[in-house]
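Peer 1: Residue numbers are given in the UniProt record's numbering: position 227 of the sequence shown equals residue 227, and the series is strictly consecutive.
The beta-carbon is built from N, C-alpha and C at its ideal position, and this holds for glycine as well.
Would you mind keeping the following structure in view while I ask a few things?
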Amino acid sequence: MANKDIDARFNVALSNYFDSTENPTLEHFVTTEISGNPDWYKALLSYINNQSAGADKSVSQEPINSPSSSIPSKSSPSSTTTTNSSRHLLSESEIEYINSVYQGLSNENMWTLSTGTKVEKVMQKCASENKLEQGAHSLIIDPLDPVWEFYFTDDEREELSNFKAPKLPPMSSKMEEYLQEFDDLVTWDELWKKVNELVVDIKKDPEVYWLRTSIINALELYHCDFFKKGVKSEADILHRVWRIIYLCFDNDSRITVTSGEKTSYASALRKKCIQNDEKESPRRFFGTRTDLIFYTPLTMNEFGTTEIGLNSRTDSNKAINELELKCPKTMKDMLLRNIRLYPGIQRDLVTCGFNISGLYINQLVMDNPSGYVCRLSRLPEELQYPEEPCDFIELIKPILRIIYGTKVQMETTLKKIKNKKAQDGVLSYGFKKPIDVLPLPSCFTPIPTPRKRKPSTSSLSDNSLSSNKK
């Protein structure tokens, strides 16, 4: 095989592998992704040189706040859902399994639209016609996903969005009044002066104090020219720019926020149950790793997740996959576990999420409005974090509203769970008929590729001894 062919094949395979694998290793890549015997040294050297050149170019020409890397571009349905090469390509056995899941659903319990269309039937058709993994393979529907243009009418997509749609809780009048104090202020000095003039008591007004902290955080970033200092890490973006998310929960002792690639307990349960076909503790199985996870430590009820990408490009494969697959699947895992624990309030439970690409953020909500379908609701367009004081208050207001509203959504869900537990908490003996709940299929879990294990040192030495004896 020519060196150019080897290099091209290696570049494509390695890029796809890193985008689609949670725990990549060199051994796993070599044994599962590349067949034949290419010239590894030349191919790897070529790939490293290409990546280094691309990285140097991005650092010098496209810092984090450059327009070319920040402005989202509209992508065609094929580019976002069909030709995304970093997604898992389903095998024939996996396609058969997904078809069997859909075939096992009861027609009577399916979500039927006003047009008579059964949502699950249409989703089955979409799942069978698309070989690259997407939401339909996990019975997740996002009405804003361009793929549904080919399966539902505009009226049907609108009904999918509006039927028992979740609503974002508003901020209090006191919080809105505080933000109005900054209207028409367009310079750093004006904003800094105003935020120090307005005295806020952290004990009496913790929510307003969070707004104050969020404004000060942004002004400090402007003061040190944070957005003009080139490429940074995802951790820097989280803990310098988007720290306002977890700071919002500081005054809530009920829900804990943890950062640093935290593993979702609910997704670990799903992967464990799928592989062993039984509900056991997922100690030996890894769940989905998320950048932020929202949960109650004692009961391990999970209410939300966050995925963060470094680049401010919402049309990159990473951003699209996390928005349309990773976040929704994690949120569904969390939702299904809560439904199984508290079946009587199935339609009232929601899970939440944030999908962040550099300076852009989208808020997501997962629910089960009808039938077997879990619906993802999200903003039509991402919100941009303000890079300069001149448009600060105009851009930061909606961001603060969705963060606070998400917190209230999680608190409301937790309150419903506590009320349900209180109702069921009457002590009594004897058998109780279980609540009749529509069982929702779990998310699709790709069949793991078997790894070729290297022989142990002891076995190699035993083989060498036996050959010497001969």
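Pop quiz: Cys374 and Leu438 are said to be a contact at Cβ under 8 Å. What is the actual Cβ separation, rounded to whole angstroms?
Peer 2: Not confirmed; about 12 Å, so no contact.
Peer 1: Alpha carbon to alpha carbon, how far is Lys204 from Cys443?
Peer 2: Between Lys204 and Cys443, the C-alpha separation is close to 44 Å.
Peer 1: Going by DSSP in three states, residue 497 sits in which element: helix, strand or coil?
Peer 2: Given a span of 1 to 470 for the chain in the structure shown, any question on residue 497 remains unanswerable.
Peer 1: Based on Cα-Cα distance, which residue from Ser173, Leu191 and Leu341 lies nearest to Lys416?
Peer 2: Out of Ser173, Leu191 and Leu341, Leu341 has the C-alpha closest to the C-alpha of Lys416.
Peer 1: Terminal residues of the continuous alpha helix (DSSP H) containing Phe392?
Peer 2: Phe392 to Gln423 is the extent of the alpha helix (DSSP H) around Phe392.
Peer 1: In chain order, what are the residue ranges of uninterrupted alpha helix (DSSP H) at least 4 long that sit wholly in the stretch 317-367?
Peer 2: DSSP runs (the alpha helix (DSSP H)) wholly in the stretch 317-367: 317-321 and 327-341.
Peer 1: Going by beta-carbon coordinates alone, are Ser253 and Thr290 separated by less than 8 Å?
Peer 2: Contact: no.
Peer 1: Counting pairs of beta carbons, one from the stretch 343-358 and one from the stretch 178-187, are three or more of them closer than 8 Å?
Peer 2: No: fewer than three Cβ pairs fall under 8 Å.
Peer 1: Check whether the Cβ atoms of Thr153 and Ile245 lie closer than 8 Å to each other.
Peer 2: Contact flag unset, no.
Peer 1: Run through DSSP, which three-state label would Asp142 get?
Peer 2: Asp142 falls in the coil class under three-state DSSP.
Peer 1: Can you tell me where the alpha helix (DSSP H) holding Glu120 begins and where it ends?
Peer 2: First-last of the alpha helix (DSSP H) with Glu120: Val119 to Glu129.
Peer 1: I'd like the list of long-range same chain contacts for Ile396, defined as Cβ closer than 6 Å, with 5 residues on each side in sequence excluded.
Peer 2: Cβ neighbours of Ile396 beyond the five flanking positions: Pro386.
Peer 1: In the DSSP output, which residue or residues are listed as bridge partners for Ser377?
Peer 2: DSSP lists Val365 as partners of Ser377.
Peer 1: On a CA-only basis, which of Leu400, Pro380 and Ser316 is nearest Glu158? Give me that one, please.
Peer 2: Of the candidates Leu400, Pro380 and Ser316, the one whose C-alpha sits nearest the C-alpha of Glu158 is Pro380.
Peer 1: Are the beta-carbon atoms belonging to Tyr404 and Gln384 less than 8 Å from one another?
Peer 2: Going by C-beta atoms, Tyr404 is not nearer than 8 Å to Gln384.
Peer 1: Rounded to a whole number of angstroms, what is the C-alpha to C-alpha distance between Glu120 and Val241?
Peer 2: Roughly 40 Å separates the two Cα atoms.
Peer 1: Could you tell me the distance, in whole angstroms, from the CA atom of Leu160 to the CA atom of Ile141?
Peer 2: Rounded to the nearest angstrom, the two C-alpha atoms are 9 Å apart.
Peer 1: So which of Thr288, Leu323, Lys418 and Cys390 has the shortest CA-CA distance to Asp348?
Peer 2: Nearest option by C-alpha distance: Lys418.
Peer 1: Around the Cβ of Pro389, are there at least 16 other Cβ atoms within 10 angstroms (buried) or fewer (exposed)?
Peer 2: Pro389 comes out buried.
Peer 1: Measuring CA to CA, which of Glu94, His137, Glu133 and Gly116 is closest to Pro441?
Peer 2: Ranking Glu94, His137, Glu133 and Gly116 by Cα distance to Pro441 puts His137 first.
Peer 1: Using a 10 Å radius around the Cβ and a threshold of 16 neighbouring Cβ atoms, would you call Asn162 buried or exposed?
Peer 2: Asn162 is exposed by the Cβ-count criterion.
Peer 1: For residue 506, name the three-state secondary structure that DSSP assigns.
Peer 2: It is not possible to answer for residue 506, since the shown part of the chain is limited to 1 through 470.
Peer 1: Just to confirm the assignment, what range does the alpha helix (DSSP H) spanning Glu96 have?
Peer 2: Element bounds for Glu96: Glu92 to Gln103.
Peer 1: Roughly how many angstroms separate the alpha carbons of Thr288 and Arg270, rounded to a whole number?
Peer 2: Each residue's Cα considered, the two are about 10 Å apart.
Peer 1: Does any heavy atom of the ligand HEM sit closer than 7 Å to the C-beta of Cys390?
Peer 2: No copy of the ligand HEM appears in this structure; indeed no ligand is present at all.
Peer 1: Hey, does Ser172 have any beta-carbon neighbour from chain B nearer than 8 Å?
Peer 2: Among the chains of the structure shown, chain B does not appear; only one protein chain is present.
Peer 1: Grouping DSSP H, G and I as helix and E and B as strand, with all else coil, what is Glu234?
Peer 2: In this structure, Glu234 counts as helix in the three-state DSSP scheme.
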